[in-house]
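Protein chains in written order, with my numbering: chain U, 1263 to 1495; chain E, 12 to 491.
Ideal placement from N, C-alpha and C gives every residue a C-beta, glycine not left out.
Quick notes on the structure that follows.
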């Protein structure tokens, strides 16, 4: 579903990404680990076509994102570290706006409410302005937007950083639901524990390169931490 | 897609605290300005009608006297204004409303309303046009400067762009949403203004009122559109909403405050008007020495010889008309060439200044709009000029009619010595001069005079849209 082929991005002399090859299939949760500046966000931005690759190809559903940037985004949902919503609109209004932008005008008010229920937003919060929301509530609306978009691939950029353990746990449960529905998920994260818990594959990045890939069912929590730290030295 | 974006923009703007107070202030000012304008216009028109009526009666009831003396007694022209003057009183505060029309002398229009007001009134009074020209752009800027820069700062722009919509849809959607919010404030006030005009029983001066209102609406919408797209362009380009606001308010001050004053000064420097102080004295000296160097007495001597040869008489007493009257009319015609040259120089200087200002409109969109607005409201200098020309034509006809009557009716007085050469005329004779009626320029004439301003305004709108398109095309999604 998501595929990077020799993907490169340089800014002048500095190479942010050096020949990334990566595949995320439907039903995968692929966790990208790495220090800040390792190229995780660059990878996500390239899949979103927010930046142009220097060379190589990013494909979504077999389509080159630079060729058809609008079409490929139909399959994608993006959840950043902070899901940014319009403070003066209510949760349900934000969800409706983004769903319509994503080309889904078919939902009823009850549908929107059920999306918000599914992601576990408190029942009375849907009609409050988003200004009053906590970070966890915003992340839930972000997932609801992805649900409403019926996205086949999710790009998550440190979506759980700054969430309390309970909210983080709820978020992971939602990701598993989405994966079971057949979504391909690419998640940049610093949370080794969550990566092992939720992900089925892990990629470790360093200075723009993918230095190692792991399957989480073949390693323990301790292994993940050890391997990660080895690469960081 | 565009409608979805527009609706969300509109909802967001209207829910923002900025909207409530700016909209309330704007509505309050616009309504106050229109009411004040209406009050001012009604009282002006009442005064004008009363004064014109009084002067017409005065002319007829001036008492029995020699017709040429009656021409000296003279008549007044008072300028009427079209109903749209209540919305835009243009230059009428500073131009004369009254021309004294008398024999032997062409006068300037006098009695400007500004000369009649207290010092505080001279800062410029409220009128609807001023509010729309100065404050409407500010409303657009305040509601729109965050359009892109704010979404970039808060990060929502990435969320929006990840949905797979084109930047063009985003631009048009935002333009539509912002435009609707601005219209919601301005349109009701404009409708109230149109209702004012529809209900009035004041005389209609100038034709094509409905077309004028329609064209004014189009021009002001284009003006709002210029600021709307410039605001979106700057918002897309700026690093932060703060920068966008600073750039936009700077441009606003330049076009709405600095340029209108500066343009007038620059155009005056480039096309200097003849000095007012010495104008009358220069003209008088020119009359004394004769239009082309031959003094009037010499010209009149030549004219006398010519008349005597033509009618084959050896004494002016034998001419078949009253010689004194024909001689006075001849003098009037000799003077006329001097008047035409001197007043023509002033007119030419003003026209040059006006054309130059029209070109300066390429730097500031407020200039062409202001000119179009005054032109359509019938309160610009072009129409003031027409009023003065009408008054001058009336003066020439009045003097010619009085002298002409005298030349025919007093032919028996030709041989009488000057002490008693006096024909007394009455009201019936004075009635051959019809009351003064100002004929405002036709709408087509006004439009032809202002084609450059319409073109410049259209240029600005196209340029603003192009800048906005370029702005969103190159817009960064990240804040740096």
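Bridge-paired residues (DSSP) for residue i
i, result
"residue 1322 of chain U", "U:1264 and U:1325"
"residue 162 of chain E", "The partner list for residue 162 of chain E (beta bridge, DSSP) is empty, contrary to what the question assumes."
"residue 1341 of chain U", "U:1418"
"residue 1391 of chain U", "U:1352"
"residue 110 of chain E", "E:88"
"residue 1475 of chain U", "U:1465"
"residue 1317 of chain U", "U:1270"
"residue 121 of chain E", "E:109"
"residue 328 of chain E", "Residue 328 of chain E is not bridged to any residue."
"residue 116 of chain E", "E:113"
Option nearest residue i by Cα separation, candidates the options
i, options, result
"residue 1467 of chain U", "U:1283, U:1456 and U:1384", "U:1283"
"residue 349 of chain E", "E:311, E:307 and E:376", "E:307"
"residue 244 of chain E", "E:278, E:202, E:185 and E:295", "E:185"
"residue 497 of chain E", "E:27, E:88 and E:72", "No answer is possible for residue 497 of chain E: it lies beyond the span of chain E, which begins at 12 and ends at 491."
"residue 60 of chain E", "E:76, E:154, E:91 and E:75", "E:91"
"residue 1419 of chain U", "U:1401, U:1409 and U:1426", "U:1401"
"residue 208 of chain E", "E:371, E:453 and E:48", "E:48"
"residue 1339 of chain U", "U:1423, U:1272, U:1407 and U:1495", "U:1407"
"residue 455 of chain E", "E:239, E:372 and E:220", "E:220"
"residue 1315 of chain U", "U:1471, U:1305, U:1425 and U:1430", "U:1305"
"residue 389 of chain E", "E:86, E:99 and E:68", "E:99"
"residue 1286 of chain U", "U:1491, U:1414 and U:1479", "U:1414"
"residue 421 of chain E", "E:411, E:45, E:78 and E:402", "E:78"
"residue 1335 of chain U", "E:177, E:477 and E:273", "E:177"
"residue 235 of chain E", "E:269, E:256, E:197 and E:218", "E:197"
"residue 3 of chain E", "E:293, E:377 and E:342", "Outside the shown range of chain E, which is 12 to 491, sits residue 3 of chain E, and nothing can be said about it."
"residue 398 of chain E", "E:450, E:33 and E:53", "E:450"
"residue 145 of chain E", "E:37, E:291 and E:477", "E:37"
"residue 359 of chain E", "E:331, E:453 and E:392", "E:392"
"residue 1440 of chain U", "U:1427, U:1429 and U:1417", "U:1417"
"residue 1388 of chain U", "U:1368, U:1350 and U:1464", "U:1350"
"residue 67 of chain E", "E:318, E:53 and E:85", "E:85"
"residue 405 of chain E", "E:319, E:446 and E:368", "E:446"
"residue 1322 of chain U", "U:1392, U:1487, U:1358 and U:1445", "U:1445"
"residue 1267 of chain U", "U:1459, U:1325, U:1295 and U:1299", "U:1325"
"residue 170 of chain E", "U:1429, U:1347, U:1265 and U:1461", "U:1347"
As assigned by DSSP and simplified to three states, the class of residue i
i, result
"residue 1294 of chain U", "strand"
"residue 101 of chain E", "coil"
"residue 1218 of chain U", "With chain U covering only 1263 through 1495, there is no way to say anything about residue 1218 of chain U."
"residue 1448 of chain U", "strand"
"residue 481 of chain E", "helix"
"residue 1287 of chain U", "coil"
"residue 1282 of chain U", "strand"
"residue 436 of chain E", "strand"
"residue 72 of chain E", "coil"
"residue 93 of chain E", "coil"
"residue 1432 of chain U", "helix"
"residue 52 of chain E", "helix"
"residue 425 of chain E", "helix"
"residue 67 of chain E", "helix"
"residue 1382 of chain U", "coil"
"residue 1492 of chain U", "helix"
"residue 1427 of chain U", "helix"
"residue 152 of chain E", "helix"
"residue 349 of chain E", "helix"
"residue 452 of chain E", "coil"
"residue 322 of chain E", "coil"
Short CB-CB distance (under 7 Å) between residue i and chain A
i, result
"residue 1346 of chain U", "No chain A is part of this structure, whose protein chains are labelled U and E."
- Give the residues from the segment 16-31 of chain E that approach chain U closer than 8 Å (Cβ to any Cβ), ordered along the chain. Flagged, chain order: 16, 19, 22, 23, 26 and 27.
- If contact means a Cβ-Cβ distance below 8 Å, which residues of the segment 161-182 of chain E contact chain U? If you check each beta-carbon in the segment 161-182 of chain E against every beta-carbon of chain U, the ones closer than 8 Å belong to 165, 166, 167, 169, 170, 171, 172, 173, 174, 175, 176 and 177.
- Message: Short of 7 Å Cβ to Cβ, which residues in the segment 465-490 of chain E face chain U?
- Response: Within the segment 465-490 of chain E, the residues whose Cβ lies closer than 7 Å to some Cβ of chain U are 488, listed in chain order.
- Given a limit of 7 Å on CB to CB distance, which residues of the segment 1353-1364 of chain U reach chain E? From the segment 1353-1364 of chain U, only 1359, 1360, 1362, 1363 and 1364 have a Cβ closer than 7 Å to chain E.
- Query: In chain order, which beta strand (DSSP E) runs of at least 3 residues are fully inside the segment 178-264 of chain E?
  - Reply: Assignment of beta strand (DSSP E) within the segment 178-264 of chain E, counting only whole runs of 3 or more residues, yields no such run.
- Enumerate, from N- to C-terminal direction, the unbroken alpha helix (DSSP H) stretches of 4 or more residues contained entirely within the segment 359-411 of chain E. Here the runs fully enclosed are 377-388.
- Message: Report the start-end ranges of each alpha helix (DSSP H) in the segment 262-318 of chain E that is 4 residues or longer and not cut off at the edges.
- Response: Here the runs fully enclosed are 270-281 and 287-300.
- Residues of the segment 1451-1469 of chain U whose Cβ lies closer than 7 Å to any Cβ of chain E, in chain order: So nothing in the stretch comes that close.
- Which residues, in chain order, does the segment 1323-1338 of chain U contribute to contact with chain E at a C-beta distance below 7 Å? In summary, the residues of the segment 1323-1338 of chain U whose CB is separated from some CB of chain E by less than 7 Å are 1332, 1335, 1336 and 1338, in the order they occur in the chain.
- Message: Can you pull out the residues from the segment 1422-1450 of chain U whose beta carbon lies closer than 9 Å to at least one beta carbon of chain E?
- Response: With the criterion set as a beta carbon lying under 9 Å from some beta carbon of chain E, the segment 1422-1450 of chain U has no members that meet it.
- Query: Just by C-beta distance, which residues in the segment 1374-1397 of chain U are closer than 9 Å to chain E?
  - Reply: Listed by position, the residues of the segment 1374-1397 of chain U near chain E (Cβ gap below 9 Å) are 1391.
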